[in-house]
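Chemist:
4 protein chains.
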Amino acid sequence: MKEFSSEIIVRGFHIDVFGHTNNARYLEFLEIARWDALKPLIENGFFAKRNLGFVVVNINISYQNPSFINDVLIVKTQIKKINNKSTIVHQQVFNKKTNNPICYADVTFVLMNLETRKAIVIDNEIRSVFENL
Amino acid sequence: MKEFSSEIIVRGFHIDVFGHTNNARYLEFLEIARWDALKPLIENGFFAKRNLGFVVVNINISYQNPSFINDVLIVKTQIKKINNKSTIVHQQVFNKKTNNPICYADVTFVLMNLETRKAIVIDNEIRSVFENL
Amino acid sequence: MKEFSSEIIVRGFHIDVFGHTNNARYLEFLEIARWDALKPLIENGFFAKRNLGFVVVNINISYQNPSFINDVLIVKTQIKKINNKSTIVHQQVFNKKTNNPICYADVTFVLMNLETRKAIVIDNEIRSVFENL
Amino acid sequence: MKEFSSEIIVRGFHIDVFGHTNNARYLEFLEIARWDALKPLIENGFFAKRNLGFVVVNINISYQNPSFINDVLIVKTQIKKINNKSTIVHQQVFNKKTNNPICYADVTFVLMNLETRKAIVIDNEIRSVFENL
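Which chain is which? The protein sequence lines are A, B, C and D, in order.
Quick note on the working numbering: the first sequence kicks off at 2 and runs consecutively.
Quick note on the working numbering: the second sequence kicks off at 2 and runs consecutively.
Quick note on the working numbering: the third sequence kicks off at 2 and runs consecutively.
Quick note on the working numbering: the fourth sequence kicks off at 2 and runs consecutively.
1) Taking the alpha helix (DSSP H) that Lys-86/A falls in, what are its first and last residues?
2) Just the chain C side, please: which residues come within less than 7 angstroms of Asp-17/D by C-beta, in chain order?
3) Can you grab the Cα-Cα spacing for the pair His-15/B / Ser-129/A, in whole Å?
4) Please list, in chain order, the residues of the stretch 53 to 69 of chain D that have any C-beta partner in chain B closer than 9 angstroms.
5) Between Asn-23/A and chain B, is there a C-beta pair that is closer than 8 angstroms?
6) If Val-94/A sits next to Val-108/A, beta carbons under 8 angstroms apart, how far is it from one beta carbon to the other, in whole angstroms?
7) Give me the chain C residues within the contact set of Ile-33/B, using Cβ-Cβ distance strictly less than 7 angstroms, ordered along the chain.
8) Nearest to Ile-62/B by CA position, among Lys-119/B, Arg-26/B, Ile-83/B, is which residue?
9) What number of angstroms, rounded off, separates the C-alpha of Thr-88/D from the C-alpha of Asn-101/D?
10) Within 8 angstroms (strictly less), CB to CB, does Glu-29/C reach chain B?
11) Enumerated in chain order, which unbroken segments of the alpha helix (DSSP H) with a length of 4 residues or greater are wholly contained in the stretch 5 to 88 of chain C?
12) From what residue to what residue does the beta strand (DSSP E) around Asn-125/D run?
13) In the DSSP assignment, find the beta strand (DSSP E) that holds Met-113/C and state where it starts and stops.
14) Output the distance between the C-alpha atoms of Ala-120/D and Phe-48/D, rounded to the nearest integer angstrom.
15) Answer yes or no: do Ile-43/C and Ser-7/C have a C-beta to C-beta separation smaller than 8 angstroms?
16) Quick check on Lys-98/D: does DSSP put it in helix, strand or coil?
17) Taking all protein chains shown into account, do 16 or more other C-beta atoms lie within 10 angstroms of the C-beta of Val-90/C, making it buried, or fewer, making it exposed?
18) Evaluate Leu-31/B with the Cβ neighbour count: other Cβ atoms within 10 Å of its Cβ, from every protein chain shown; 16 or more gives buried, anything less gives exposed.
19) List the residues that DSSP assigns as beta-bridge partners of Lys-119/B.
20) So, at 6 angstroms on beta carbons, what are the nonlocal neighbours of Thr-117/A in its own chain, with the 5 sequence-adjacent residues on each side left out?
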């Protein structure tokens, strides 16, 4: 399972009353990076053909250091564990210039059948697609 | 045409790098206030039955004074002008405590037929509903 | 330790491409509710006098059910545990009408001395203030 | 006065209940593009040395066509007019692939002396810097 890397610039509207990037904005950054990582599968219609959607069921995020306006952040995204019905993605955010760790998160999602609205079992085909990402 | 009044509290995540409410966040505040004003029409299904959706085509917003965390803002919303195909809503934002003007905007929207994706002519029935809001 | 209750209405801009409230927006809702709970201490200058700021170090949020436009959400906020240097707040979000659980989170924060930029030990005075909130 | 070009990808959290990019998010896109255009002046400390900050006083934005998830947008930014105390920036947003116009805006800002909190007169030196951007 490859590690994907996304680059994000901190903007004035990401900053909050404390003068640093607001904690909710990091979830937007993580979402950008996950889409980047899954882009090939989304673009070739892998999930659409199977009528599957991603549903995030848990995010466990630890904030290590603040980031500030014009900081360039690197988000590293990697699949950490594939369970029976859920998958855990590990994401780490660094400051590109200083290499300082900013935050890291485990994001757990399920694949939902968009008709039945139920989480499906992750079969070998999907598992293999994730493993070869 | 009645004037509607909405109350909004400025939160830490509304503040940006300049220490005051970010200009984009005011558009969220204005959207909250417009939904509050149109609530009776939305809830009784007036637009849904006609398969009509609101599409904002222009926002002209002037920023007068900054607002800060924990400020309580009053947004006043009133229909200003009903044209052949478009309607202009005038919205003003004040600081509740000091009465200082914060910003004001003219928001122009059309009613779109959700099937044809075209703006409809605002007929007398709709005009009268807007006038009696 | 009392349980605080905040009411939040889901707006059109909280909704994302999946038609339900975006996961990052819930962190904004949780932040609103925490400020509401701490309002008495903020307004009487308790933290400002001690030159202390809140720094969130971890958020562990589980998403249970989606919420949709115009849903009224109740956020319940309660201090769960006070450690030597950190405090854990437990927050639960419900749909007011259906009582359906939407999400819950443990939010861990430290109190930072704004001069030294270090987390302080939570002494008995602060502990007692939190316990009597 | 050169025209600057910024590229922005529409993400799932930019989409709102109508299935297209929310009107407030475009102001974030415009802000990103203005920072990109002014980057050389910000980085060489031109404004900081003069203790000047940018204050947006008016945004007049017209929405032409919707944009959707994964659309790549081009934002073109150009100074349109320099008045005695205010400057008007013209910004246009296009879909990179289809070349469809998405929206355009005139953004009027003043330069505020951060000590006196008053808008300054734009002298010949600043005018020339803007003209040679």
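Cβ atoms here follow ideal geometry from the backbone N, Cα and C, with glycine treated the same way.
Here the structure is a predicted model, which means the values were calculated and not measured.
Modeler: According to the data block:
1) It is not in any alpha helix (DSSP H) - Lys-86/A carries neither H nor E in the DSSP assignment.
2) Gly-13, Phe-14, Ile-16
3) 43 angstroms
4) Gly-54, Phe-55, Val-56, Val-57, Val-58, Asn-59, Ile-60, Asn-61, Ile-62, Ser-63, Tyr-64, Gln-65, Pro-67
5) yes
6) Rounded, the Cβ-Cβ distance is 12 angstroms, inconsistent with contact.
7) Arg-12
8) Arg-26/B
9) 27 angstroms
10) yes
11) 24 to 44, 47 to 50
12) Counting along the chain, Asn-125/D falls outside any beta strand (DSSP E), though it belongs to the alpha helix (DSSP H) covering 125 to 132.
13) 102 to 114
14) 13 angstroms
15) no
16) coil
17) buried
18) buried
19) Asn-114/B
20) none
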